Amino acid sequence: MAVIREHLAAKGLGLFNDLQTEHSMVGTFPGVVMLMNFDNAHQKEELIPLRLQGKFRMTFGLTEPGHGSDATHGSDATHGDKGTTRFWTWVERLAAEWVQAMAQWTLNMPTDHATVSIKDVWVPESAALGHIYNGLGVAQAFVHETRIRQAASSLGAAVYCVQQSVKYANDGAPFGTLLSHN
Numbered sequence: 011m012a013v014i015r016e017h018l019a020a021k022g023l024g025l026f027n028d029l030q031t032e033h034s035m036v037g038t039f040p041g042v043v044m045l046m047n048f049d050n051a052h053q054k055e056e057l058i059p060l061r062l063q064g065k066f067r068m069t070f071g072l073t074e075p076g077h078g079s080d081a082t083h084g085s086d087a088t089h090g091d092k093g094t095t096r097f098w099t100w101v102e103r104l105a106a107e108w109v110q111a112m113a114q115w116t117l118n119m120p121t122d123h124a125t126v127s128i129k130d131v132w133v134p135e136s137a138a139l140g141h142i143y144n145g146l147g148v149a150q151a152f153v154h155e156t157r158i159r160q161a162a163s164s165l166g167a168a169v170y171c172v173q174q175s176v177k178y179a180n181d182g183a184p185f186g187t188l189l190s191h192n
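See below:
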C-alpha cells in the first residue's frame with residue numbers, strides 16, 4: 011500500500027490521488043490489515059469480506075481524556091462485567107449509554123475521530139481483536155500502519171516537488187541563462 015501511495019503522490023494532484031482529502035483510486039484499508047494480523051481464523055473468514063464490502067465497521071479507542079496523545083497512560087480498566095474497555099471490534103447494541111462528547115479535528119489532516127463515552131456495554135470475549143490483553147499492541151499496529159501510509163504519501167509529494175523544481179530550473183532562463191546553470 012505504501013509503495014502505491016508514494017507512486018501516486020509523485021504524480022501530483024489528480025483524480026487518482028488527492029492527499030489533502032485522502033481520496034485515492036487505491037483503497038486504504040488499515041482495518042483489513044488489522045483483521046489479517048490479529049483476528050482468529052473464524053473472524054478473518056467472516057469479517058474481512060464484510061469490511062471490503064463496506065458492511066462491517068470497526069473502531070477502537072486509543073487515548074483517554076486528560077492523557078493527551080499518550081496511549082500507554084490510561085486510567086480505565088476492563089472488567090468482565092460492567093467495566094470499561096478501550097479496544098474492541100464490535101459492540102452488541104444492548105441498552106448501552108452512548109454519548110458523543112466532541113468531534114476532533116487536526117490541522118491539515120482529515121479525521122473522523124471523536125471523544126465518546128460508553129457505559130455499561132457488554133462485549134463478548136469472542137469480539138476482541140487479537141489477544142484479550144493486547145489491546146495496546148493492536149492499536150499501535152494500526153497507528154504505525156497509517157503512519158507508514160502517510161510517510162509514503164509525503165515522500166511521493168516531495169518527489170513531485172523536486173521533479174517540478176528541476177523542470178522549472180531547466181526550462182526557465184529569466185536572464186538568458188537557464189536557472190539550472192547558475
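Numbers in my numbering are just positions in the sequence shown, counted from 1, shifted up by 10. We put the CB at the ideal spot given by N, CA and C, even for glycine. Every value quoted in this text rests on a predicted model; they were computed, and no experiment measured them.
Item	Value
Bounding residues of the alpha helix (DSSP H) (the contiguous stretch that carries Lys54)	Ala51 to Leu62
Local Cβ density within 10 Å of Ala162, reported as buried at 16 or more and exposed below that	buried
8 Å CB neighbourhood of Glu16 in its chain, flanking five on each side removed	Ala162, Ser163, Leu165, Gly166 and Val169
Close beta carbons around Leu57, own chain, < 7 Å, minus the five adjacent residues each side	Leu45, Asp49 and Phe66
Neighbour-count burial assignment, Gly41, 16 or more Cβ in a 10 Å radius	buried
Reduced DSSP secondary structure (H/G/I, E/B, other) of Asn27	strand
Boundaries (first-last residue) of the alpha helix (DSSP H) holding Leu45	Pro40 to Phe48
Nearest residue (CA-CA) to Phe152, options Gly182, Thr38 and Pro134	Thr38
His33 - partner residues in DSSP beta bridges	Asp28
Under 7 Å between C-beta atoms of Arg159 and Ala51	no
Limits of the unbroken alpha helix (DSSP H) element including Glu16	Ala12 to Ala19
Own chain, CB closer than 8 Å to Ala19, minus 5 neighbours either side, in chain order	Asn27, Leu29, Ala162, Ser163, Ser164, Leu165, Gly166, Ala167, Val169 and Tyr170
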